[in-house]
Each structure stands twice: as C-alpha cells, then as structure tokens.
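Since the structure comes first, as structure tokens, the remarks are kept for the end.
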Amino acid sequence: MTKLTILLLCGTAFLGAADKKETKKPVNQQPPEVTIPAGAQETEDGSFRYTDAKGKKWIYRKTPFGIAKSEEKPPAAQPEQEDTLTKATVKGDSVHFERPTPFGVTKWDKKMTELDANEQRILDRQKNKQ
19 MTKLTILLLC GTAFLGAADK KETKKPVNQQ PPEVTIPAGA QETEDGSFRY
69 TDAKGKKWIY RKTPFGIAKS EEKPPAAQPE QEDTLTKATV KGDSVHFERP
119 TPFGVTKWDK KMTELDANEQ RILDRQKNKQ
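Below you can see the structure in the form of structure tokens.
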C-alpha cells in the first residue's frame, strides 16, 4: 500500500472513533408546551399581556401552530423627521412646497391656514434660514 492510502485509512478510523464518543441525544425530546398564564390580560388585538414574578413583561399570541410567547419591549423611539430637502416659498396667503424624490420633484400648494404640523415646521425652518 502507498503512504496516501495508509493515511486515509488512519484518518477514517480516527473520525469513526470520534463519532462513537459522542453522547446520543433523545430523539423525541420536545420543548415544553407554552400556555397562556392565568393572570394574563387580553388586549384589543387578541394577544395577551402578562408580567411574571421577576417583573418581566411577556406577550402571548394564538397562532395556527400553537401559542407564541415573546418578550414585550417598548417601541423604538421614532426620530423626528427632519425634512431638510423640502423647499417652501410663500406666495400671498398660500405656500408652495417642492420636494425632490427618486421619481422627480413633487410640488404642492397649501393655504397658510391649512398647513399640517410637518409643513408648518418646514416653513418655519425655511424662514429661519433667511
């Protein structure tokens, strides 16, 4: 036999011995079944909220596959949308807005009395620049 064949046989025997040393895991081991705790309160969307003994908050939802449990986390804070690309120009009692988009420039006009909070902020920012 050649040296290469001997090395391959030794390597295979070594790998086979390593496989035999592994401990076997139970095949039919299933995770514990999740149930909705007795003190959980149902919300409008059909999910259940529960605070455990440690003070951790959980949300339970019924799914087609059983009950899903997830930790309740506060919603991520939305950064204030600063629309610095939009330009506002006052024309009499109305304001003309222009905003560049991937599909071209979007233009619209609004009366001063009908501005929403975002448009008012854009106009105020534009006035402070001048």
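The opening residue of the sequence shown carries number 19 in my numbering; numbering runs sequentially from there.
Think of the CB as a built atom: it goes at the ideal place given N, C-alpha and C, for glycine as much as any other residue.
- Among all the DSSP beta bridges, which residues are the ones paired with F14? No information on residue 14 is available, as it lies outside the stretch 19 to 148 that the chain covers here.
- With distances taken between CB atoms, is the gap from K91 to Y78 smaller than 7 Å? Residue numbering aside, residue 91 sits at position 73 when the sequence shown is read from its first letter. Residue numbering aside, residue 78 sits at position 60 when the sequence shown is read from its first letter. Not a contact, by the Cβ cut-off of 7 Å.
- Evaluate F115 with the Cβ neighbour count: other Cβ atoms within 10 Å of its Cβ, from every protein chain shown; 16 or more gives buried, anything less gives exposed. As a position in the sequence shown, residue 115 is number 97, starting the count at 1. Here F115 is buried: its Cβ has 16 or more other Cβ atoms, across all protein chains shown, within 10 Å.
- Message: Please tell me whether K125 and V113 are closer than 7 Å, where the distance is taken between their beta carbons.
- Response: Residue numbering aside, residue 125 sits at position 107 when the sequence shown is read from its first letter. Residue numbering aside, residue 113 sits at position 95 when the sequence shown is read from its first letter. Contact flag unset, no.
- Pull up the distance between the alpha-carbon of E89 and that of T69, whole angstroms please. What you label residue 89 is simply residue 71 of the sequence shown in a count that begins at 1. What you label residue 69 is simply residue 51 of the sequence shown in a count that begins at 1. Between E89 and T69, the C-alpha separation is close to 10 Å.
- Message: Relative to the C-alpha of T104, which candidate in R143, F83 and G110 has its C-alpha closest?
- Response: Reading the sequence shown from its first residue, position 86 is the one you call residue 104. When each option's Cα is compared against that of T104, the closest is R143.
- Message: What would DSSP say about K80, mapped onto helix, strand or coil?
- Response: For the purposes of this step, residue 80 is taken as the residue at position 62 of the sequence shown. Correct three-state label for K80: strand.
- Query: Going by beta carbon distance, what residues of the same chain come within less than 6 Å of G57, once the five residues before and after it are set aside?
  - Reply: For the purposes of this step, residue 57 is taken as residue 39 along the sequence shown, with counting starting at 1. Hits under 6 Å: none found.
- Specify the secondary structure class of K75 as computed by DSSP and reduced to three states. Translated into the one-based positions of the sequence shown, residue 75 becomes position 57. If DSSP states are grouped into helix, strand and coil, K75 belongs with the strands.
- Message: Buried or exposed for I85, going by 16 or more other Cβ atoms inside 10 Å?
- Response: The sequence position of residue 85 within the sequence shown is 67, counting from 1. In summary, I85 is exposed, with fewer than 16 beta-carbon neighbours lying within 10 Å of its beta-carbon over all protein chains present.
- Message: Just to confirm the assignment, what range does the alpha helix (DSSP H) spanning I54 have?
- Response: For the purposes of this step, residue 54 is taken as the residue at position 36 of the sequence shown. Careful: I54 lies outside any alpha helix (DSSP H) and carries neither H nor E.
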